[in-house]
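Student: Let me begin by handing over the structure; questions about it come next.
Residue numbers (full-length UniProt numbering): 1 to 285.
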């Protein structure tokens with residue numbers, strides 16, 4: 001493989017990428033020339049030219065990546081064999097895939113669940129008509145266009161949250177995986193009762209400090225309760241220390257107040273022990 005990988009061939013991939021990036025400006029420029037070379041004129045007048053470039057780019061990408069692996073200084077003969085086999089398998093896969101190059105039906109799939117195709121079928125009494133160029137389609141020739149799908153999924157994109165300062169870039173096919181951990185993705189608070197949405201990077205602080213539905217520990221009974229219920233809880237918590245209602249100067253737990261007044265409070269008023277024979281005198285303990 002390296003015998004055919006001269007520098008000019010390895011430069012092919014970035015060259016094609018540059019042409020694809022500037023395809024529309026280049027097309028407009030050359031077609032505007034009065035004496036445009038026939039080769040370029042024919043190329044840019046052909047509606048399939050851009051698709052062909054994508055196809056070549058796909059194969060050049062496989063070639064480029066394989067050669068870069070082999071050119072590593074520490075690669076073994078076994079690893080070279082694995083890379084070569086993988087290269088052949090990828091090229092074979094590209095060659096065997098069906099590619100639609102007629103009309104814009106290359107964007108349609110044989111799937112009645114596809115909304116666009118589903119609506120087209122029923123709005124034309126079962127006759128398949130391309131919704132873009134109105135060409136009558138043969139249902140047996142409509143199938144998923146794996147080539148175009150792969151080309152699209154390999155496009156370099158920015159994160160959906162780049163306006164929020166996320167610097168991630170990568171292939172389209174990996175963006176959903178990135179969004180599951182993107183620090184700038186908007187997420188809902190993990191507490192079911194809370195309706196707050198915020199950036200993922202702010203979630204931890206919100207859960208620990210700001211969310212009114214966060215769990216806190218009662219400072220008296222050590223029970224876990226929501227922050228918004230804390231005040232109500234403390235008004236009833238059995239472990240809150242209270243001053244004796246008889247103002248004896250002793251603090252007792254709410255749950256022990258009754259037994260304190262009955263058994264040990266010095267300010268509790270008790271009747272004379274001879275109440276049953278008519279003495280109405282009362283005295284403190």
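By construction, the Cβ of each residue, glycine as well, lies at the ideal position given by its N, Cα and C atoms. Here the structure is a predicted model, which is why all the values come from computation and not from measurement.
At which residues does the beta strand (DSSP E) containing residue 186 begin and terminate?
Tutor: It spans 186-188 - the beta strand (DSSP E) in which residue 186 sits, taken as one unbroken run.
Student: Can you tell me whether DSSP reads residue 250 as helix, strand or coil?
Tutor: Note: residue 250 maps to coil in three-state DSSP.
Student: Looking at the secondary structure, which residues open and close the beta strand (DSSP E) in which residue 198 lies?
Tutor: Its beta strand (DSSP E) spans residues 197-199.
Student: Which residue marks the beginning of the beta strand (DSSP E) containing residue 216, and which one marks its end?
Tutor: It spans 215-217 - the beta strand (DSSP E) in which residue 216 sits, taken as one unbroken run.
Student: Run through DSSP, which three-state label would residue 157 get?
Tutor: Strand, per DSSP.
Student: For the segment 247-263 and the segment 272-279, state whether three or more C-beta atom pairs, one from each stretch, are separated by less than 8 Å.
Tutor: Touching, no, given that fewer than three Cβ pairs across the two stretches are closer than 8 Å.
Student: Quick check on this structure: which residue in 211, 194, 57 has the alpha carbon closest to the alpha carbon of residue 150?
Tutor: Here the closest residue by C-alpha is 57.
Student: Among residues of its own chain, excluding the 5 on either side of residue 366, which ones have a beta-carbon nearer than 8 Å to its beta-carbon?
Tutor: A query on residue 366 cannot be resolved here, the shown segment of the chain reaching from 1 to 285 and no further.
Student: Taking Cβ positions, are residue 175 and residue 187 nearer each other than 9 Å?
Tutor: No, Cβ-Cβ distance for residue 175 and residue 187 is not below 9 Å.
Student: Kindly list the residues whose CB is nearer than 8 Å to the CB of residue 207, restricted to its own chain and excluding five residues on each side of it in sequence; keep chain order.
Tutor: The residues are 189, 190, 191, 214.
Student: For residue 284, which residues does DSSP report across the bridge?
Tutor: Looking at the DSSP assignment, residue 284 forms a beta bridge with 269.
Student: Nearest CA to the CA of residue 153: which residue from 173, 163, 166?
Tutor: Looking at the Cα atoms, 173 is the closest of the given residues.
Student: With distances taken between CB atoms, is the gap from residue 22 to residue 30 smaller than 9 Å?
Tutor: No, the Cβ-Cβ distance between residue 22 and residue 30 is not below 9 Å.
Student: Could you tell me the boundaries of the beta strand (DSSP E) in which residue 171 lies?
Tutor: Here the beta strand (DSSP E) through residue 171 covers 169-171.
Student: Where does residue 102 sit, in a helix, a strand or coil, going by DSSP?
Tutor: The predicted position of residue 102 is uncertain, since its pLDDT is 44 and thus under 50; no value can be drawn from it.
Student: Are the CB atoms of residue 13 and residue 61 nearer to each other than 9 Å?
Tutor: Their beta carbons are under 9 Å apart, which means residue 13 touches residue 61 by this criterion.
Student: According to DSSP, simplified to helix, strand and coil, what is residue 19?
Tutor: Correct three-state label for residue 19: helix.
Student: Quick check on residue 166: buried or exposed, where buried means 16 or more other Cβ atoms within 10 Å of its Cβ?
Tutor: That one is buried.
Student: For residue 47 and residue 202, what's the separation of their Cα atoms in angstroms?
Tutor: Each residue's Cα considered, the two are about 48 Å apart.
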